[in-house]
Structure formats: C-alpha cells, structure tokens
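Engineer:
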Amino acid sequence: MPVMTSTHRAAATGSLEPATGSGEQVLTVEGLSVTFSTSRGTTHALRGVDLALRKGQIVGVAGESGSGKTTAALAATGLLARTAEVDGAIRYDGVDLVSLPEKKLRRYRGRHLAMIFQETGSALNPVIRVGDQLMMAARAHATKGADVRQRVTQALADVRLDDVDRVMRSYPHELSGGMCQRVIIAMALSCGSQVLFADEPTTALDVSVQREILDLIRGLVDQRGLAVMLISHDLAVLSEVCDDLVVMYRGQVVETGPAEAVLRDPGHPYTQALLGCIPTVGGSHEDLREITAEQRRLIESVDEPVVHGSGGGR
Amino acid sequence: MRATILRRIATSIPTIIISTMLIFGLRYLLPGGPVQAMLGGGAEGEITEEQIAAMEERFGLDAPVPVQYWHWLTNLLQGDLGTSYYSQQPVTTVLGQRILPSLELIIGSLIVSILVGTALGIIAAVRRDRPTGRTVQLMTGFGLAVPDFWLGAVAAGTLGLALGIFPAVGFTPLSESLGDNLYTLTLPVLVLAVVTASFLARHISSAMASALDSPYIRTAWAMGLPPRTIYLNCALRNALGPVITFIPLAFAGLVGGTVLVESIFAIPGLGTEIMRSVTSQDYPVVQGIVLLVGVLVALLNLFADVALAFIDPRIRRSAA
Chain A
463 MPVMTSTHRA AATGSLEPAT GSGEQVLTVE GLSVTFSTSR GTTHALRGVD LALRKGQIVG
523 VAGESGSGKT TAALAATGLL ARTAEVDGAI RYDGVDLVSL PEKKLRRYRG RHLAMIFQET
583 GSALNPVIRV GDQLMMAARA HATKGADVRQ RVTQALADVR LDDVDRVMRS YPHELSGGMC
643 QRVIIAMALS CGSQVLFADE PTTALDVSVQ REILDLIRGL VDQRGLAVML ISHDLAVLSE
703 VCDDLVVMYR GQVVETGPAE AVLRDPGHPY TQALLGCIPT VGGSHEDLRE ITAEQRRLIE
763 SVDEPVVHGS GGGR
Chain U
31 MRATILRRIA TSIPTIIIST MLIFGLRYLL PGGPVQAMLG GGAEGEITEE QIAAMEERFG
91 LDAPVPVQYW HWLTNLLQGD LGTSYYSQQP VTTVLGQRIL PSLELIIGSL IVSILVGTAL
151 GIIAAVRRDR PTGRTVQLMT GFGLAVPDFW LGAVAAGTLG LALGIFPAVG FTPLSESLGD
211 NLYTLTLPVL VLAVVTASFL ARHISSAMAS ALDSPYIRTA WAMGLPPRTI YLNCALRNAL
271 GPVITFIPLA FAGLVGGTVL VESIFAIPGL GTEIMRSVTS QDYPVVQGIV LLVGVLVALL
331 NLFADVALAF IDPRIRRSAA
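Chains as they are written, first to last, in the numbering used here: chain A, 463 to 776; chain U, 31 to 350.
This is the structure:
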C-alpha cells in the first residue's frame, strides 16, 4: 500500500521526482555521542544514537526536553557549541560530516542540509527585507550567473505564499508567524537543501496554522523527495505526518519503527508513558498523566531499544 | 519618513528654547555678576555705585531680566552673540577664529574612534570566548580607564620629545599648510580618540554579542551563510543602533576632551578659549561656546534619530 501511494504521488506531480528515488537513505547517523564538558562536570547529551533519514520520508523524533532530540539535529548540521565533543558518524552522500572541519561542513549547510527552529518571528533578521534575506542565502549557494531571484520567487511559490512580491518587500514584523515559517522553509529550498531538520517548527503557532505548516512539509516531502527529520515533544503532531518514529529518552533511542506500528503497539514503557500524555477529544482530564517516579524506574530498567519491523519498507 | 523627521524637529523646539534660557541665566548664576566682570572685578572699593549704574544702563542691564533675555535672544537670531569683555571683539569673530582647529580635532577623533572602535568591537564580539576577544576587551578597558591628560602628557613626552616622531607641542593652521596641519594634529587626535574608541568598542561588542546570540543569526548559520556575511551583514546591522545613539554623546565628550588636549599641545582652539573665558569671567564668550556646542549636539541628535529610523524599520513604523 505505501508503495502504491508513492508511485501515485510521483505520477501526479509529473517529472518533478522519480518514484525510484523514494525511500533511499540519504543521511545515516551511527553511534552518535555528544558530550559537553563544563567546569561543573560532564553531560552526556547523546549516548550512541542510530537513525536514518530517507528520501521522500519524514522521520519523527519524539521525547521530552533534554532527551537529546535537538542535539542530534544540531550535531548533523554542525551547529553545536564549540565545547561539544562529538563521536560516531553522520554519513551524507558518502561523507562523514562529523569528521569534516567547520569550513568544509559549511558548504553542506543550506546547500544540502538545513535546519529550521521553533521561533518564527525572531528567526528572520528584523532589519532586512525578507526578499533580501532570501536572496542573500540563495546567492551564497548559487553558481555564478544563476538566476537567484527566479529561484527565490519559485521557492516562495512552492511554500504556497501568495503575493510573492509583497512578501519579498516586507520586513519580518509585517508577516504572521506562519508566513515567517514558510519564508524560512522557502529559504532552505532556494539554497538547495535536500535534508531538512525541523525542530518544533509548529510549536509556536496556533493550531490551524500548525496544521497548514505540517501539510506543507508533507507536500514538499512527497513532491520534491525531501528527507525530513521532524522533532517534537508532541506525539499527536508526529503521528499525523510521519512515516517513521524515533522515540528518545535521556540521549538514547528507546523505540523506533514505522509510525503506525510504534503508535499502535508501543513496546517501551517510555513510549507508553508518552502516549498517555496525549489529550484526546472526549477523554477526561484525569486520563492525562504526567510521568511518575515509578514509571521512570520502569523506563530506566529497560536496556535495549524496541525496534519495530524495518521502517524503510517503501 | 518625512513625517518622522518633521515631528522630530518639532519636538526639539522646546528643548532649544529651554537651553537658551539656561545659557542666558548663566551670567546671573555665576558669582560677581556681569557688571563686576566687565569692570574687571577688582577689589570692592575701586568700583563705585555710579560706575555700576552707568554700566548697567549702557548694556541694558537695568531692565527686567525677561526683557534682557528678549534682547539677547533677538540679537542672537540676528547673529549677534555680544562682545567679548576681554578682547572687545564680537563673540562670533572670536568663535570663528577658534572653531576650526577644534572641529578638526573632534571630527578627526570621531573618525578614528568610529573606525578603530567598530573594528575592535566586532573582534571582541566575534572572538569573545577566545584569547583574541579577551585581549581586545582588556585593551578597551584600559583605554576607558586611562585619563587623557596623562595619556596626552606621556604621548607628547615619548612620541614627541624623546623619539621626535611627532611634534610635542604646537599647531600649524590649516590655512598655512595642509600637510603640517595634519602632522601637528595627529598626536592630539589619537590621544583624544582613545577614550571614545574604547567606549564605542564596548558598545558595539555588547550589541554585536547579543545579536550573535539571537535566533535570526542561528538561522543564518543553519542556512550556510559565510561567516563574513553573518558578522558584517546580518549581525552588525542590528548592532548599529546603540552606536548611532552614542555618536552625539561622544561628540559632547570630545568637546570636553579638547579643553585638556588643546592645553597640553598648545592648540589655539575652542578648548583653550573655554578655559580662558571661564577663568576670566568673559560671559559672552562662555555663552557663545555653550550655545554653539549645544546646537551642534542637538543637530547630531536629530541626525542620529533619523539614521536610526532609517536602519530599523520597526522604529520607522512606531514613529509614523
């Protein structure tokens, strides 16, 4: 069934993205560990994390704050603080990004991998026109003589912003939060990004706008074959748009597999606890539970991650 | 934009009126009063009541104070700042002779301060966790702490007298020779610029540092913009606000600085004239200088506000 939808989508969008590319691994994270050493001691933000991003798929990463989900994305884009010690490998296009010096890694950011964040209004430069910011980013990655303006207007159209000229002339404070987030996604697209790390991209938006942005990301993934890592503390958000789910706890992956399987049959006590935190329509307030100390003990007692049947089935 | 400028000019009118009142009141606040000053302020017995009355009548000082103020103000608007008690020359002539060396000093120091201060501020912010940044912070801290009379004396002594690289004292006017003029001004300009440059560097580095920590700079990194673009194009533009606000303030500070630096290097500018006119109670000249500096600072403030609105669209909108 997933195979069918995938071919169907490719047929519907014409020559945009050949169906054969779908599902191919574009970025793999192997045994990633991140340690911060400060005068007050060492923090193990990540402890041996494995995950894979595939073309045309969204991998949802869930977990409470401090579980390491953001750290994983920052490590992949090389945006961690200089004090971070990174071990393991992040492979993209045959290259291990962890071993690259900053100067070389910079050529991958924007052009291949981009990251977007929770802040919407403040994530764009307040004193530069939106169009100029987009052009500045696109120009940094364009080959000489390329029509940067055309690329930028195309990207704005791709994120379904109407009245492209008005948006280009605006300053960020003149746009809504949802529009700003679209502009930032357009920026990643116009730079040429194939892999998008989206860290809580809808958390700061109202529910209806949240829905639109998630649909937009899903649409871009289906049409352009983008590989997306969608980070959220909110399993309800992830369950709507993700192909695969990765659940993280204290810097480790505790459960992984196709989203449907993980949600239907959560094997790890932490995933079960997280699912208990989702409010449901009609459910009473008492059904919502915080994670108790007893649950914590149970969670810590499980050593091995729960792995559901291969997520790359497409 | 035009509305912003007009509104800003309109709001500065009361400020100007009040400052003219303060400047006028100066001569009544200082000990002795104007007549004593004009008569030389000698020992009590030497000046008779008749002399004082005659002087008061001659200069219109027997009229009520508001009337005197009105006379002074209308003369002022016609470009008449009164006559120096000391040289008997019109104040405008005195100022005209003295202003050029001081303006050269102040503008030169401002340019040096802006160039050096901005560069140091950027370095301090960009390299703030590294030895380079800490060294710059240490340097600017020293620059702020060192008194300019001490620095002036040391510079004149070492670079001037001992090494002979620059003249230790003396000044060649611009009208005589441009080269010699700049040569004699180099050392005073540098001495005067140290404090302002350090101040500016501190301002820029703290504004830059907070810009560099903001989400939009993180976005810029995440999109792979080159560091030079991020620092100079994205962050610096947001850090310019405090710098522009600081420039009129720096100007006022530099005027104060000229008093010392001109005395040390024997430059016949406004600074030395301030010293002379205040110590000899030459009130018309004091008033003229205070007025001139006040007007210049007010104008700079106006330019700064317009420039702020120009670089930050959010200010433009809230002011409109």
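The beta carbon of each residue, even a glycine, is placed where N, CA and C say it ideally should be.
Check the Cβ of P30 of chain U against every Cβ in chain A and list those closer than 8 Å, keeping chain order.
Structural biologist: A query on residue 30 of chain U cannot be resolved here, the shown segment of chain U reaching from 31 to 350 and no further.
Engineer: At 8 Å on the CB atoms, spell out the chain A contacts of I341 of chain U, in chain order.
Structural biologist: Here the neighbours are V589.
Engineer: Got a sec? Which residues, its chain only, sit under 6 Å from A337 of chain U by beta carbon, not counting five neighbours each side?
Structural biologist: Hits under 6 Å: I274.
Engineer: Please state the DSSP three-state secondary structure of E547 of chain A.
Structural biologist: E547 of chain A falls in the strand class under three-state DSSP.
Engineer: Going by DSSP, what residues sit across from F179 of chain U in a beta bridge?
Structural biologist: In the DSSP output, where bridge partners are listed per residue, F179 of chain U has none listed.
Engineer: In the DSSP assignment, find the alpha helix (DSSP H) that holds Q714 of chain A and state where it starts and stops.
Structural biologist: From DSSP, Q714 of chain A is part of no alpha helix (DSSP H) but of the beta strand (DSSP E) over Q714 to P720.
Engineer: Given L215 of chain U, which residues of its chain have a CB within under 7 Å of its CB, disregarding the five upstream and five downstream residues?
Structural biologist: Contacts found: E134, L135 and G138.
Engineer: Can you give me the start and stop residues for the beta strand (DSSP E) that F659 of chain A sits inside?
Structural biologist: Element bounds for F659 of chain A: V657 to D661.
Engineer: In angstroms, rounded to a whole number, what distance separates the CA positions of D620 of chain A and R571 of chain A?
Structural biologist: Taking the straight line from one Cα to the other gives about 20 Å.
Engineer: Just curious, the alpha helix (DSSP H) that Q98 of chain U is in, first and last residue?
Structural biologist: Per DSSP, Q98 of chain U belongs to the alpha helix (DSSP H) from V95 to L107.
Engineer: Can you give the Cα-Cα distance for P314 of chain U and S293 of chain U, rounded to whole angstroms?
Structural biologist: Cα to Cα, P314 of chain U sits roughly 21 Å from S293 of chain U.
Engineer: Verify whether the separation of the beta carbon atoms of M691 of chain A and A535 of chain A is less than 8 Å.
Structural biologist: In contact: M691 of chain A and A535 of chain A (Cβ atoms closer than 8 Å).
Engineer: Give, in chain order, every residue of the segment 526-553 of chain A whose Cβ lies closer than 8 Å to some Cβ of chain U.
Structural biologist: Listed by position, the residues of the segment 526-553 of chain A near chain U (Cβ gap below 8 Å) are T539, L541 and R544.
Engineer: Out of U:F276, U:P343 and U:A296, state which residue places its alpha-carbon closest to the alpha-carbon of N331 of chain U.
Structural biologist: Among U:F276, U:P343 and U:A296, the Cα nearest to that of N331 of chain U is on U:F276.
Engineer: What does R571 of chain A touch in chain U if you count any residue whose Cβ is under 8 Å from its own?
Structural biologist: W251, A252, M253 and G254, listed in chain order.
Engineer: Got a sec: is the Cβ-Cβ distance from Y633 of chain A to anything in chain U below 8 Å?
Structural biologist: Chain U contact via Cβ: present.
Engineer: Count the other CB atoms, across all protein chains shown, that sit within 10 Å of the CB of P634 of chain A; report buried if there are 16 or more and exposed otherwise.
Structural biologist: By the 10 Å Cβ count, P634 of chain A comes out buried.
Engineer: Would Y115 of chain U be called buried (16 or more neighbouring beta carbons within 10 Å of its own) or exposed?
Structural biologist: Flag for Y115 of chain U reads buried.
Engineer: So, does the segment 550-564 of chain A touch the segment 640-652 of chain A, judging by three or more C-beta pairs under 8 Å?
Structural biologist: Because the criterion of three Cβ pairs below 8 Å is not met, the segment 550-564 of chain A and the segment 640-652 of chain A do not touch.
Engineer: If distances are taken between C-alpha atoms only, which option among U:G194, U:S307, U:L91 and U:G254 comes closest to R568 of chain A?
Structural biologist: R568 of chain A has its Cα closest to that of U:G254, out of U:G194, U:S307, U:L91 and U:G254.
Engineer: Grab the span of the alpha helix (DSSP H) containing F281 of chain U for me, first residue to last.
Structural biologist: Where F281 of chain U is concerned, the enclosing alpha helix (DSSP H) stretches over L266 to F295.
Engineer: So which residues on chain A does R267 of chain U lean against when the C-beta distance must stay under 9 Å?
Structural biologist: The contacting residues are N587, V589 and I590.
Engineer: Mind pulling the chain U residues with CB within less than 7 Å of A599 of chain A?
Structural biologist: Neighbours of A599 of chain A on chain U, chain order: M253 and L255.
Engineer: Are the C-beta atoms of R248 of chain U and some chain A residue less than 8 Å apart?
Structural biologist: So yes, R248 of chain U belongs to the interface.
Engineer: In or out: W251 of chain U buried (at least 16 other Cβ within 10 Å) or exposed?
Structural biologist: It is buried - the Cβ of W251 of chain U has at least 16 other Cβ atoms within 10 Å.
Engineer: Quick check: the Cα distance between L541 of chain A and F659 of chain A, rounded to an integer number of angstroms?
Structural biologist: Between L541 of chain A and F659 of chain A, the C-alpha separation is close to 12 Å.
Engineer: Can you check which of these residues, A:T605, A:A507, A:G654 and A:L667, is closest to F579 of chain A by C-alpha distance?
Structural biologist: For the residues A:T605, A:A507, A:G654 and A:L667, the minimum Cα distance to F579 of chain A belongs to A:L667.
Engineer: Please classify I520 of chain A as buried or exposed, where buried requires at least 16 other C-beta atoms within 10 Å of its C-beta.
Structural biologist: I520 of chain A comes out buried.
Engineer: Does the segment 504-514 of chain A come into contact with the segment 706-714 of chain A, if we say contact requires no fewer than three beta-carbon pairs (one atom in each stretch) closer than 8 Å?
Structural biologist: Segments in contact, yes.
Engineer: What residues from the segment 642-653 of chain A come within 9 Å of chain U, judged by C-beta to C-beta, listed N to C?
Structural biologist: Listed by position along the chain: I646, M649, A650 and C653.
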